[in-house]
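K.L.:
Below is a structure I'd like to ask you about.
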Amino acid sequence: MTTQPEITAAGLPGMSASHRNLFLLLLAIVAVAPFLAYPLLVIKVLCFGLFALSLNLMLGNLGLLSFGHAAYFGLSSYAAAHAAKVWGFTPEFALGFAVLVAVVTGAVFGALCVRRQGIYFAMVTLAFAQMIYFFSLQAPFTGGEDGIQNVPRGALFGLFSLQSDMALYALVAVVFFVAVLALYRITWSPFGQVLRAIRDNEPRAISLGYRVDRYKWTVFVLAAGFAGLAGGLKAISFQLASLTDVYWGMSGEVVLMVMIGGMATFFGPLIGALLVIWMQNELAAFGAWVTIVQGLVFMACILVFRKGLLGTIADRLGLKV
Amino acid sequence: MPISGCPMADRLSQNPHFQVTDLEAWYGESHVLHRVSFDIREGEVVTLLGRNGAGKSTTLKSIMGMIKRRQGSVRLREKELGRASSRAIARAGIAFCPEDRGIYSSLTVEENLMLPPVVASGGMSVAEIHTLFPNLAERRRSQGTRLSGGEQQMLAIGRILRTGARLLLLDEPTEGLAPVIVQQIGATIRQLKERGYTVLLVEQNFHFAASVADRHYVMDHGQVVDMIPGPEIADNMAKLSTYLGV
Amino acid sequence: MLIFGIPLQLLSTQILLGLINGAFYAILSLGLAIIFGLLNIVNFAHGAFYMMGAFGALLMLDHFAMNYWLALLVVPLTIGLLGCVIERLILRRIYDLDHLYGMILTFGMGLVIVGLFRNQYGATGLPYSMPAALQGGYNLGFMFLPASRAFVILASVAVCLVTWLVIEKTRLGSWLRAATEKPELTEAFGINVPLLITLTYGFGVALAGFAGVLAAPIYSVNPMMGSDLIIVVFAVVVIGGMGSISGAILTGFMLGLVEGVTKVFWPQASTTVIFVIMAIVLLIRPAGLFGKQA
């Protein structure tokens, strides 16, 4: 979107001091969290945080809103679950397969989606995601309405059992942290600079000789890949892949996470994921109230709180986060 | 150079009919109009002359309330319109013919002609407009933008004559048109003057401006820098050349 | 009688079902196109308004014993009024922003509406009794045509046609087209564009409400009934291109038909065929069949 503040390339080639501090803070939180809250709950936050970051790679840098990001998250959770349960893959191979599925799917749909812009892009991504949903509803290996249940967590490299929640947490935390660093590098690389140039003035970027569609497609594939990683992690951790993960409601939820956190920030989506999951937990007993509150928060984000939580705080403090 | 006289001067009231005072306007952060002031008497044809980017079109758009960020006073007779919405300004009796002519491609010629609502009695009838511009009658079922450039300009002028507005803002009506069409438009403007319309004309074509206008305001860098009465234009050629950079 | 090895009766029944789906696609995409044209908002809440139309018919019958025919008039009017209020109070605030914000805002609005109905009526379907005049049907020789289904198609065609006539052939329609094409200039001619915008949103969602009332007797009425449908309609809109009123209507019926025929020959693909067509259209004519190519 054109109105958002620029994410600058502060800190290249290294990292700015404030960002280094933020990463250290994140590391500390990730290290301490499982001792303060249920490890599985923290794992959920990490998976969705990564999912939200992957969406914002495209939205924050290119201004392209994928309203069908659950397709890659959900399809990959099926892929990981199927690979682990039916083929007996170890977790690392199941995750690898999940990412591969997401990347290939993203490559195909991305090539089609980048042919439209703005609002049409959002509609096209949503429509293709719905196609994946209908496909998942009918395909024999997804288990239809039941999903794939009792997925074995297995043993990492065939050696380290992930049966205990803490062992699982260690794996998820490491993968999460490495993925966040990778997303950070991509965002603040020269490649990321070009993306923001395209976002701010596409005709100028074209006239400068950038093959804009190629950039958009690459980001689409990257975003799909990271979403797939998040989906795979979630399937292994919760031993379940289901239609919920691939439904448009999930696509909406991840957009909400990014909006709450602030799409013009790098770290915002993580806070958004934390808040949305906290909200779901609090409201779990109240049925459709989750939907109503989410809808209201969506509206509030657009009407009064457009920069999101972290975006607003950063603005107050004059920081780029 | 032949200079049109002022045959209706005796009928002109000396009180300004239309007065712009300290008009300012911004595009985003950039301040484009600086304290623009001028006035027009009833029945006068006045031009805004100036280079590209001097702020002439912006002045018209600001008068029409089409520039979001503006301040200053715009007065039609006793009515202050400096803060009014562009709808209210149109309803007060000011009609605008934009630089790009503003012909709607999704409307037929006839629909284009009938689009602006009548804001006061005394506007021309469709028959009169068709007499003035016979082409519009012939092609009334065509898509608006299928007309030639000259015909589109006639449509753009014709449709604001229907509304009963007595102050017409015309933004470069001769731009990009063949000389014979330019002459026709010049004749039209003189006819409008005969009928007592007040016209504010933005022009790049100085010769055209000289042939129709009673007075000229010169704009530069978003300001009005000079006023030259029509009859004195020949004496001021040198000065004008520097202003206009011709 | 067999056509391509398929009994004529099966084929014509599926074509009929497809046309009915197409009727709903047409009304809904027509409303979306009108709203998008003037407001530049992709009205994600459209499915929710459709659902409210169906519930409206149900509630009117239950609480006021209002018959179907009256509901067909009263419910869309009420929903249209609600739409006008929503436009004035909420949507009006975001016209200066990127178009994506409007889509997200109306998505949130849709969630709220659907959530409220789920709280009140649960997630399962409620039955709406078929009005007497629509029971029974006609034997066409090669197939049986239920009156209720014939009515849906006729009503949809009629509403689409009237909407098209009003937009293309009346003075009000010319104002609407003008405001869609050049809003600032149209306002500068003294036309009340903000009022047109309010009425347009009201009319667009009233169309969705009308479709909902039509759907009440033939589909199960439940809070989620519009949510999946609206995404298919988005695909319809991408295929047709949102630039043209008649394009939206034609594409709607056409795709319903294609879906019906697919159901005969390859049932599993019938839910995805529209998306496949969308992919092909994106490859060949990215701006849509009736859209202006860049």
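Chains as they are written, first to last, in the working numbering: chain W, 92 to 412; chain V, 189 to 434; chain C, 1460 to 1753.
Cβ atoms here follow ideal geometry from the backbone N, Cα and C, with glycine treated the same way.
Predicted, not measured: the structure shown is a model, and the values here were computed from it.
1. So with Cβ pairs under 8 Å, would you call F1749/C a contact of chain W?
2. Give the DSSP bridge partners of S252/W, in chain order.
3. Anything in chain C within Cβ reach of Y215/V, meaning under 8 Å, just list it in chain order.
4. Following the continuous alpha helix (DSSP H) through D1687/C, name the residue where it begins and the one where it ends.
5. Name the chain W residues that come within less than 8 Å of I1563/C, Cβ to Cβ?
6. Against chain C, which members of the stretch 278-310 of chain W pass a CB distance test of less than 7 Å?
7. Please confirm if the stretch 1682-1690 of chain C is in contact with the stretch 1577-1587 of chain C, defined as three or more CB-CB distances below 8 Å between the two stretches.
8. Tell me T235/V's beta-bridge partners as DSSP assigns them.
9. For L1478/C, which residues from the same chain have a beta carbon less than 8 Å from its beta carbon, with the 5 sequence-adjacent residues on both sides left out?
10. Closer than 8 Å, Cβ to any Cβ of chain V: which residues of the stretch 1615-1646 of chain C, in chain order?
11. Taking 8 Å as the limit between beta carbons, can you name the residues of its chain near L137/W, skipping five residues before and five after?
12. So, with DSSP's three-state summary, where would you put W178/W?
13. I need the boundaries of the beta strand (DSSP E) containing G260/V, first residue and last residue.
14. Do N112/W and T278/W come within 8 Å of each other at the CB atom, strictly closer than that value?
15. Around the Cβ of W1725/C, are there at least 16 other Cβ atoms within 10 angstroms (buried) or fewer (exposed)?
16. Check the C-beta distance from Q392/V over to E363/V and give it rounded, since I have them as a contact under 8 Å.
17. Residues of chain V with a CB under 7 Å from the CB of N1651/C: which are they?
18. Could you pull out every residue in the same chain whose Cβ sits closer than 7 Å to the Cβ of H318/V, ignoring the five residues on either side in sequence?
19. V1697/C and Y211/W: beta carbons closer than 8 Å?
20. According to DSSP, which residues form a beta bridge with N1480/C?
21. Look up A332/W in the DSSP assignment and give the residues it is bridged to.
22. Which bits of chain C does F284/V rub up against, with CB to CB less than 9 Å?
23. How long is the line joining the alpha carbons of M354/W and P360/W, rounded to whole angstroms?
24. How many Å lie between I421/V and H404/V at the Cα?
25. Quick one: is Q1594/C buried, meaning 16 or more other Cβ sit within 10 Å of its Cβ, or exposed?
26. Could you tell me whether the Cβ of L1741/C comes closer than 8 Å to any Cβ of chain W?
27. Since L1575/C meets chain W, which of its residues come closer than 8 Å, beta carbon to beta carbon?
28. If the cut is a Cβ gap below 7 Å, which residues of chain W does A1738/C touch?
29. Are the stretch 369-384 of chain W and the stretch 180-197 of chain W touching, with three or more C-beta to C-beta distances below 8 Å?
30. Assuming D406/W is part of the alpha helix (DSSP H), what are its boundary residues?
31. Is it true that the CB of L148/W sits closer than 8 Å to the CB of A314/W?
32. Hey, would you say T1657/C sits closer than 8 Å to R1547/C, going by beta carbons?
33. Are the stretch 299-310 of chain V and the stretch 258-268 of chain V touching by the rule of at least three beta carbon pairs closer than 8 Å?
34. By the three-class DSSP mapping on this structure, what secondary structure does M196/V have?
35. Only counting the same chain, and skipping five residues up and downstream in sequence, which positions put a Cβ closer than 6 Å to that of G1490/C?
36. Using DSSP bridges, identify the partner residues of C158/V.
P.N.:
In this structure, then:
1. no
2. A246/W
3. Per Cβ cutoff of 8 Å: no residues; Y215/V is ~14 Å from chain C at best.
4. Unbroken alpha helix (DSSP H) run through D1687/C: 1686-1699.
5. L156, V346, M350, F389, C392, I393
6. none
7. Taking 8 Å as the limit for Cβ pairs, the verdict is that the stretch 1577-1587 of chain C does touch the stretch 1682-1690 of chain C.
8. DSSP output for T235/V lists L389/V, H404/V as bridge partner(s).
9. I1612, F1712, G1715, L1716, G1719
10. R1630, S1633, W1634, R1636, A1637, T1639, E1640, K1641, E1643, L1644, T1645, E1646
11. In the same chain as L137/W, and ignoring 5 residues on each side of it, the C-beta atoms closer than 8 Å to its own belong to V121, V263, A264, F267, L324, in chain order.
12. In the structure shown, W178/W sits in coil (DSSP, three-state: anything other than H, G, I, E or B).
13. 257-264
14. no
15. So W1725/C counts as exposed.
16. 7 Å
17. R275
18. Once the five neighbours on either side are set aside, the close Cβ partners of H318/V are L324, A325.
19. Yes. Within cutoff.
20. Paired residues: none, contrary to the question.
21. Beta-bridge pairing links A332/W to I239/W.
22. L1644, A1647, F1648
23. 7 Å
24. Each residue's Cα considered, the two are about 9 Å apart.
25. Residue burial is scored here from C-beta neighbours: Q1594/C has fewer than 16 other C-beta atoms within 10 angstroms and is therefore classed as exposed.
26. yes
27. Within chain W, the residues A379, I383 have their CB atoms less than 8 Å from the CB of L1575/C, given in chain order.
28. Neighbours of A1738/C on chain W, chain order: L203.
29. no
30. 399-408
31. yes
32. T1657/C is a Cβ neighbour of R1547/C, given a cutoff of 8 Å.
33. Not touching, per the Cβ criterion.
34. Legend: pLDDT at M196/V = 45, less than 50; position of this residue unreliable, no value from coordinates given.
35. G1663, L1666, A1667
36. Since the first and last residues shown for chain V are 189 and 434, residue 158/V lies out of range.
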